[in-house]
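Mapped onto the UniProt record's numbering, the consecutive letters of the sequence shown carry residue numbers 1 to 163. A virtual CB, placed ideally from N, CA and C, is assigned to each residue, including glycine. Take a look at the structure below.
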Amino acid sequence: MYAIVEIAGQQFKVAKDQKVFVNRLAGEEGDSVSFDKVLLTADGDNITVGAPAIEGALVGAKINRHLKGDKVIVFKKKRRKGYRVKNGHRQALTELLIEGIDLKGGKKATSAKKEEPKKEAKSESKSGDLSQHTVVELREMAKEKGVEGYSSMKKAELIAALS
């Protein structure tokens with residue numbers, strides 16, 4: 001079984017007990033981390049593709065160590081000008097050990113609960129404070145109420161007219 005998971009903005013194909021080098025992650029050596037942005041899982045002929053991510057899927061990993069990658073030399077030169085610059089760079093990396101791929105993780109369920117209060121807050125703001133709205137929304141409200149000259153009004157004037 002393998003999965004394609006997004007870790008630190010990059011996509012990796014991972015399997016259980018595989019070591020993966022990713023850009024430096026926050027956390028100490030020995031910490032367990034989990035990634036819920038699983039884009040694809042495959043178990044033999046059974047392939048599950050997310051849109052964009054598989055809901056409830058989770059990839060668990062353990063941070064083995066933090067290290068630096070190989071040195072990359074950056075050499076710049078402009079011919080016949082005497083311009084030469086040599087720089088080096090070593091990328092900060094984290095070595096992860098993939099502990100398991102779980103298709104029924106449950107982290108997404110908690111994020112869905114967080115979205116519901118946001119929707120309630122939006123509905124409360126529509127009925128209450130007008131300063132929370134954009135000028136376009138205020139102009140639409142003024143149009144519905146039949147306020148004249150709403151297209152040339154500024155935000156403060158629209159709020160005063162709608163109050």
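Looking at the unbroken beta strand (DSSP E) that takes in residue i, where does it start and where does it end?
{"i": "lysine 71", "result": "58 to 78"}
{"i": "leucine 97", "result": "83 to 102"}
{"i": "alanine 8", "result": "First-last for alanine 8: undefined, no H or E at that position."}
{"i": "valine 19", "result": "Reading the sequence as shown, one finds lysine at residue 19 and not valine. Segment 19 to 23, the beta strand (DSSP E) holding lysine 19."}
How far does the alpha helix (DSSP H) with residue i in it reach, from first residue to last?
{"i": "alanine 160", "result": "155 to 162"}
{"i": "glutamate 137", "result": "135 to 145"}
Where does residue i fall in DSSP's three states?
{"i": "leucine 39", "result": "strand"}
{"i": "lysine 114", "result": "Any answer about lysine 114 is weak, because its pLDDT of 44 lies below 50 and its placement is not dependable; what the coordinates show is given next. Note: lysine 114 maps to helix in three-state DSSP."}
Measuring alpha carbon to alpha carbon, tell me which of the options ends up nearest residue i.
{"i": "alanine 53", "options": "Ile159, Phe75, Ile7 and Lys143", "result": "Ile7"}
{"i": "glutamate 144", "options": "Val49, Asp43, His133 and Leu162", "result": "Leu162"}
{"i": "glutamate 29", "options": "Gln11, Glu99 and Asn64", "result": "Asn64"}
{"i": "lysine 62", "options": "Asp31, Lys68 and Val136", "result": "Asp31"}
{"i": "lysine 19", "options": "Leu96, Ala57, Lys78 and Ala92", "result": "Leu96"}
{"i": "valine 87", "options": "Lys71, Gln10 and Gly146", "result": "The sequence shown places asparagine at residue 87, rather than the valine named in the question. Closest option to asparagine 87, Cα to Cα, is Lys71."}
{"i": "valine 59", "options": "Ser34, Lys77 and Phe12", "result": "Ser34"}
{"i": "asparagine 23", "options": "Lys16, Val38, Gln11 and Leu39", "result": "Gln11"}
{"i": "histidine 66", "options": "Lys81, Ile47, Thr94 and Leu39", "result": "Thr94"}
{"i": "alanine 142", "options": "Asp129, Glu157 and Gln132", "result": "Glu157"}
{"i": "leucine 103", "options": "His133, Val38 and Ala26", "result": "Val38"}
{"i": "aspartate 43", "options": "Tyr83, Ile101 and Glu148", "result": "Ile101"}
For residue i, list the residues DSSP reports as bridge partners.
{"i": "isoleucine 47", "result": "Ala42"}
{"i": "alanine 15", "result": "Tyr2"}
{"i": "serine 32", "result": "Lys62"}
Quick one: measure Cβ to Cβ for residue i and residue j, integer angstroms, because I've assumed they're closer than 8 Å.
{"i": "alanine 17", "j": "isoleucine 98", "result": "At residue 17 the sequence reads aspartate, which differs from the alanine that was named. Indeed, because the Cβ distance is near 7 Å, the residues count as touching under 8 Å."}
{"i": "alanine 3", "j": "threonine 41", "result": "5 Å"}
Using a Cβ-Cβ cut-off of 7 Å, state whether residue i counts as contacting chain B.
{"i": "lysine 145", "result": "No chain B is present in this structure, which holds just one protein chain."}
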